[in-house]
Every structure is written in structure tokens, then in C-alpha cells.
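**Q** Residue numbers (this note's numbering): 12 to 639. The following block contains the structure, expressed as C-alpha cells.
As C-alpha cells, then:
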């Protein structure tokens, strides 16, 4: 039943991608944003889905493909030209996001009658297969096949050293392994290794000391694979490490099922070529990145997330891709991060994403910026994403669907290049000072659909440009608004268009919804301050701001840093009450310091946070509701 449901969801995702990405005029439109800069071709990153090691029988047949590479930036393009540009860009894709997982990746099953059983016991193990070598606590698997492991290994490791074309499946069925100075599981040589969590099994892998290198490979993770690595099944796995990474693949890291709790010093999940997540439950905690793709010699590693319940509390980026970062679904809750979601290019077509960050919430820093690993509290300087010196034609954030909540002390949504929104719901609590902005971009931003409310300081405030086809307004208030006030947008008849309670200090609002119509009059009210305006153009802006691009005015001649204090409050969706400084979805009451969904009560799944708490949401969304 679960498998059938998942396959239906994958089919729906494919349909959504075909519809949403084909209709995503935004990137092409963004490519047409007028700018005084000279421009050049931006296709410098090639991302390839390498599944050539699987047989044709194993592969899922793709229903299409999509690419998020930019085309050359042009000026004054028509909508038709923009659409043609994005279609051309996607037709030349080297990454097929409809073909991320093989049938064997997704299955998470095995034939027990044909499996080789390995019993772990203390500092040794027993096995009757000639393909398994056991010596001094090291269990070495030498050939392709399915190997079922059970028991406890107190000071040892599992090594896969098979043939170049061999596929090896390790089934963890009640396994506990503690390695002192080496990986608990080391895939030294194989075509592909599957780590399958047996149904109902609880497994744990630990590295207790500093890593000692015994060969030419820098083995520095609890699970370390030099080849493609797939994690699947329905059981659970706890990974603990105090000096290295949690799980690393030097090729593709794929996860399609299971429950994972990972504590590590460095990255929790790290794939050199890619990290791909179809499903699973994740609790990730580390000092560096929760999910990371790419490394020093692989700058185009990509992240693809299609589903799963992902909870992240980390010291650096929650999700980081050196290349493309794609989110099409899933429930992602970032309770602590420096930067929440970071990539060269970021594409979101679905999912529920909640981010709390000490720096930028979403950050797109292209290859030419060199700022992908800078965490100074701002991308290239305070609020400098809107300065031409940081403009990067390779960088973009494109949102076509999903629901995104951001609470950032740096920029809320920051792109060194473009920002485009064609659908979905985006709610941003930006900084409570003038050193950064709720929205920050280097070239231009456009909105053609969806809904956004973004609040922060006015000193670096930026709104949407005239390339947009949906109306928007940027209003900067004379006085700072205290946390707890409600933003209310009403039309000329006094009818409420949108209401949004802000549990954070602010004096700037960017707002856009499909209910806003050109030519109509609106009043934006916050506390005892209000602004009444007419949408004569597609964009409207008023009030002083320190640095603004299209859609905003530079009225005060410079950057303001009045030293505004950031109240320890969090985020709320329209229509919800929050009396305790936390994040809340529309229509839900939060009395216990947690985050709630639409008209849902929150009673479980808490995650601690320095800025408030967030709570796991139910999985009420189904494939029937996944549309772009």
C-alpha cells in the first residue's frame, strides 16, 4: 500500500514538473530583466545524473526532463521570448529530475532465502560464505550479493571490497557497530552499495575516536563510500560521530526510505556528485552542513529533494549545494542554521519548508561570486546583494510552488542574480535592522503568481521589478513596528485582502498576491501607521529606504544602520494568533511555542530553537494536492 501510494506521488510529481517547469516563465523573464550590466552566457555548470551502472530493467522510465540552467541574459525580452528561452534551457538538460531513482533504490527489499548471513559478536563475527573474510574485527565482503547483518560489533568495521561492476546490498537487521578510529561501514570498492534498514529493526553506528587513515582514501565518516551509495528500507538508523562526517558518498548519495538520526562534527549527509532524497525521516544535527553536495574538486554537486520529513539543526548551512538545489516536495523544518538553503541555483516547485537562520534564509550565490561559503551575516557585505559588484548571472532563486516560511537575521531571500516567483506561498521575517533586507538581489526580481509577504528593515529594502506580471507593493514606514503587530491589506471597499501577524520588529513590507489588481486602491495598515496607494503600475513603492533596486526608491542617499534591535520573535502565517513569539500557520493557535499548519492544533514533534520553536507538520498533503 505504501509503495503504491509513493508511486502515485512520484507520477504526480512528474506531472507537476512537466506543467510547472514548462509554465515557469519566470526564469526566462528574469533572464530578460533590464539591467545596465553587460551580460554573457551563464551555462558554466553541467550537472549529470549518473545512473549508468544500473541495468535498463532497473531504471524508471522518465516522463520528461527539466533543467534549471540559465541562458544568456538579454534585455527587454517579451514574455514570448522569455518563455522560449526557458524552454530551450530545459530541453538541453543534463540532469533529468524525473529519473532520480532506480527501481532497486526505491524497493528497499531483499530475498532472505538468497542472502548471506553475518552475525556480529563482540570483537569478531561469524559467516559461512567464502565471499566474507573476518580478521581482527574487520569484516570484508569480497563479491556482489545480499548480506544480512545482525548483532553487535564493539570494535570493528564492515568493509566492502568487491569488483568494479559488483552491486552489494547490506541489510542491517538489528546491528550495533562501534568503530574507534575508522568508518563503521566502508565501501572501498564496488559499483554500488545499498544499505537497507530491515523492517522494524533498530540499528546504530558509532565512531568514537579520531580517524586513522590506513589507505590512500581520506576516510572520515561513519558510513563512507567511494562509490554510489543508496540508503533504503523501513527500519531506523542512528549515526554518531564526534570528529568527522555522518554519511559520505564520493559519488551519488541516494535515500529513499528509513528513519535516520545523525549526530556528527562535520556534514550529516554528504554526496560529492549529488544528494537525492525520495522519502524518509531525518533528524540531522552537526556543526557544519546538514545536507551537502559537492566538495573542493567537485563544484557542481547537486541536491534533489522529492519527499521526506527532514528536521535540521546545524551550525552552518542546513542544505547546501555547490551547484543546483531542487526541492519538489517533502516537509523540511530547519530549527537552527547559519544559512538555511544555499545553492548556486535554487528551484522550489513544492513542499513545506520552514527555515530559521542566523544569516540568510535562502541564498543563491553563483560560481563567479565566490561567496557560497561566506557566513559574515551578509552576502558580500551588509545587504550588498543589490549592488552591481556582486551581480552574478549564474545565480537565481526560482519558486513555482510549495509553502516557504523564513525567519532570518540576515537577508531573508538573497540572490546574487535573480529572484523569480511564479507560484506558491512565501512568508519572510527578515532582519530587524537596516544592515540586510527581507529580499535582496543583484540583478532583478519578478513575480508572476503566488503570494509573498516579506518584512524587515527598510535600509536595504528591495521590491519586485516592472518585469513582473502580478502586482506588488513595497511600503517603508517612518517608524519601526514592534513585534506582535498585524499587517492588514484592504481594498477600496474596506474588504480585507490579506492579514499577517508579525512577531518581529520591522519597518518595511513587501507584499504581493493575485488578489491585488492594477488600477485599484489599497490601504496597508500596521498598528497606528497606514499607507493608502493606487496601483497605477504593476509595482508600487513608497517611503525611504537605504538601498533599493527595481520596485524601490532610494530616498535617503545611503545605507542606514540605526542599530535596530531584533526581538526574539518568530513567524506566523496570515490569520493565526501567536502570543508566545513563535511561528504559526494560518488559522492555527500556538500556545505551546510551536508551529502549526492550517487550522491544525500542534501537540507533538517539537524542535528547540534559539529564535522560537517549530513543530513537525502532519503529512496531510497528498499527491492530489501537489500542483504548481
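Ideal Cβ placement from N, Cα and C applies to all residues, glycine included. Source: prediction; values computed, not measured.
Go through its chain and collect everything with a Cβ distance to residue 348's Cβ below 6 Å, but skip five positions before and after it.
**A** In the chain shown, residue 348 corresponds to position 337, counting from 1. Cβ within range, chain order: 325, 329 and 368.
**Q** For residue 140, I'd like the list of residues in its chain whose CB is within less than 6 Å of its CB, leaving aside the five on either flank, ordered along the chain.
**A** Here residue 140 refers to the residue found at position 129 when the chain shown is read from its first residue. Same-chain partners within the cutoff: 127.
**Q** What does DSSP give as the partner residue(s) for residue 293 in the beta ladder?
**A** Sequence index remark: in the chain shown, residue 293 carries index 282 (1-based). Per DSSP, 271 and 321.
**Q** If residue 209 and residue 182 are in contact, beta carbons under 8 Å, what's the gap, nearest whole angstrom?
**A** Start at 1 with the first residue of the chain shown, and residue 209 comes out as number 198. Start at 1 with the first residue of the chain shown, and residue 182 comes out as number 171. Their Cβ separation, rounded to whole angstroms, is 6 Å, which keeps residue 209 and residue 182 in contact under 8 Å.
**Q** Taking the continuous alpha helix (DSSP H) assigned at residue 117, which residues delimit it?
**A** Here residue 117 corresponds to residue number 106 of the chain shown, with the count starting at 1. Element bounds for residue 117: 114-118.
**Q** Is residue 123 helix, strand or coil when you go by DSSP?
**A** In the chain shown, residue 123 corresponds to position 112, counting from 1. Reduced to three states, the DSSP call for residue 123 is helix.
**Q** With residue 484 and residue 515 assumed to form a contact (beta carbons below 8 Å), what rounded beta-carbon distance in angstroms separates them?
**A** By one-based count along the chain shown, residue 484 stands at place 473. By one-based count along the chain shown, residue 515 stands at place 504. Not a contact, Cβ separation roughly 20 Å.
**Q** If I follow the unbroken beta strand (DSSP E) through residue 335, where does it start and stop?
**A** Residue mapping note: residue 335 aligns to position 324 of the chain shown, counting from 1. Run containing residue 335: 330-338, per the beta strand (DSSP E) assignment.
**Q** Would residue 393 be called buried (16 or more neighbouring beta carbons within 10 Å of its own) or exposed?
**A** On the chain shown, position 382 is the one that residue 393 refers to. With a pLDDT of 34 at residue 393, under the threshold of 50, the predicted position of this residue should be treated as unreliable, and no value is reported.
**Q** Following the continuous beta strand (DSSP E) through residue 261, name the residue where it begins and the one where it ends.
**A** Position 250 of the chain shown holds residue 261. Element bounds for residue 261: n/a, residue is neither H nor E.
**Q** Considering only residues of the same chain and omitting the five flanking positions on each side of residue 234, which have a CB-CB separation below 6 Å?
**A** Here the question's residue 234 lines up with position 223 in the chain shown. These residues qualify, in order along the chain: 196 and 258.
**Q** With distances taken between CB atoms, is the gap from residue 153 to residue 173 smaller than 8 Å?
**A** Taking the chain shown and counting its residues from 1, one reaches residue 153 at position 142. Taking the chain shown and counting its residues from 1, one reaches residue 173 at position 162. Yes. Within cutoff.
**Q** Should residue 374 go down as buried or exposed, given a rule of 16 or more other Cβ atoms within 10 Å for buried?
**A** By 1-based counting over the chain shown, the position of residue 374 is 363. Counting Cβ neighbours within 10 Å, residue 374 comes out buried, since at least 16 surround it.
**Q** Given a threshold of 16 other Cβ atoms within 10 Å of its Cβ, counted over all protein chains shown, does residue 225 qualify as buried or as exposed?
**A** Numbered from its first residue, the chain shown carries residue 225 at position 214. By the neighbour-count rule (16 or more Cβ atoms within 10 Å), residue 225 is not buried but exposed.
**Q** For residue 298, which residues from the same chain have a beta carbon less than 6 Å from its beta carbon, with the 5 sequence-adjacent residues on both sides left out?
**A** Counted from its first residue, the chain shown places residue 298 at position 287. The residues are 276 and 326.
**Q** Indicate the three-state DSSP secondary structure (helix, strand or coil) for residue 343 in the structure shown.
**A** Along the chain shown, read from residue 1 onward, the residue named residue 343 stands at position 332. Strand, per DSSP.
**Q** The beta strand (DSSP E) with residue 156 in it runs from where to where?
**A** Position 145 of the chain shown, counted from the start, is the residue given in the question as residue 156. Residues 156-164.
**Q** Per the DSSP calculation, residue 425 is bridged to which residue(s)?
**A** Walking along the chain shown from the start, residue 425 turns up at place 414. 374 and 451, per the DSSP bridge assignment.
**Q** Would you check if the distance between the CB atom of residue 267 and the CB atom of residue 289 is smaller than 8 Å?
**A** Working through the chain shown from its first residue, we reach residue 267 at position 256. Working through the chain shown from its first residue, we reach residue 289 at position 278. Yes, the Cβ-Cβ distance between residue 267 and residue 289 is below 8 Å.
**Q** Which of the three DSSP states is assigned to residue 144 in this structure?
**A** The residue given as residue 144 occupies position 133 in the chain shown. Residue 144: strand per DSSP, three-state reduction.
**Q** What distance in whole Å lies between the Cβ atoms of residue 285 and residue 314, which are believed to be in contact at a cut-off of 8 Å?
**A** As a first step, residue 314 is located in the chain shown; it is residue number 303 there, counting from the start. As a first step, residue 285 is located in the chain shown; it is residue number 274 there, counting from the start. Confirmed, Cβ separation roughly 7 Å.
**Q** Taking the alpha-carbon positions, what's the residue 229 to residue 171 distance?
**A** One-based indexing of the chain shown puts residue 229 at position 218. One-based indexing of the chain shown puts residue 171 at position 160. Looking at the two C-alpha atoms, the distance is approximately 16 Å.
**Q** Where in the region 483-512 do unbroken runs of the beta strand (DSSP E), each at least 3 residues long, occur, reported from the N-terminal end onward?
**A** Counting only runs of 3 or more, we get 483-492 and 496-502.
**Q** Along the beta strand (DSSP E) that carries residue 193, what are the first and last residues, could you check?
**A** Against the chain shown, residue 193 aligns to sequence position 182. Premise fails: residue 193 is in no beta strand (DSSP E) and is neither H nor E.
**Q** Using a Cβ-Cβ cutoff of less than 7 Å, which residues in the same chain neighbour residue 237 once the five nearest sequence positions on both sides are dropped?
**A** As a working mapping, residue 237 is identified with position 226 in the chain shown. These residues qualify, in order along the chain: 198, 199, 200, 228 and 261.
**Q** Cutting at 7 Å between CB atoms, please list the residues of its own chain near residue 524, excluding the five before and the five after it.
**A** Numbered from 1 along the chain shown, position 513 holds the residue referred to as residue 524. Correct list, in chain order: 462, 508 and 509.
**Q** If I follow the unbroken beta strand (DSSP E) through residue 303, where does it start and stop?
**A** Working through the chain shown from its first residue, we reach residue 303 at position 292. Unbroken beta strand (DSSP E) run through residue 303: 302-304.
**Q** Looking at residue 372 and residue 411, is the spacing between their C-beta atoms short of 8 Å?
**A** The sequence position of residue 411 within the chain shown is 400, counting from 1. The sequence position of residue 372 within the chain shown is 361, counting from 1. Contact flag unset, no.
**Q** With distances taken Cα to Cα, identify the nearest neighbour of residue 426 among 191, 444 and 450.
**A** Along the chain shown, read from residue 1 onward, the residue named residue 426 stands at position 415. Of 191, 444 and 450, the residue nearest in Cα terms is 450.
**Q** Using 10 angstroms around the beta-carbon of residue 246, count the other beta-carbons present and answer buried if the total reaches 16, otherwise exposed.
**A** Looking up residue 246 in the chain shown gives position 235. Burial call: buried.
**Q** List the whole-angstrom C-beta distance separating residue 482 from residue 549, where the pair is believed to meet the contact cut-off of C-beta under 8 Å.
**A** For the purposes of this step, residue 482 is identified with residue 471 of the chain shown, where counting begins at 1. For the purposes of this step, residue 549 is identified with residue 538 of the chain shown, where counting begins at 1. About 6 Å; that satisfies the 8 Å criterion.
**Q** Can you tell me whether residue 288 is helix, strand or coil according to DSSP?
**A** In the chain shown, residue 288 corresponds to position 277, counting from 1. Here residue 288 sits in strand by DSSP.
**Q** Does DSSP put residue 139 in a helix, a strand or coil?
**A** As a position in the chain shown, residue 139 is number 128, starting the count at 1. DSSP places residue 139 in coil when its eight states are reduced to three.
**Q** Taking C-beta to C-beta, are residue 311 and residue 334 nearer than 8 Å?
**A** Here residue 311 refers to the residue found at position 300 when the chain shown is read from its first residue. Here residue 334 refers to the residue found at position 323 when the chain shown is read from its first residue. Yes, the pair counts as a contact, with Cβ atoms nearer than the cut-off.
**Q** Within this structure, are the beta carbons of residue 211 and residue 232 separated by less than 8 Å?
**A** The residue labelled residue 211 in the question sits at position 200 within the chain shown. The residue labelled residue 232 in the question sits at position 221 within the chain shown. No, these two residues do not count as a Cβ contact at 8 Å.
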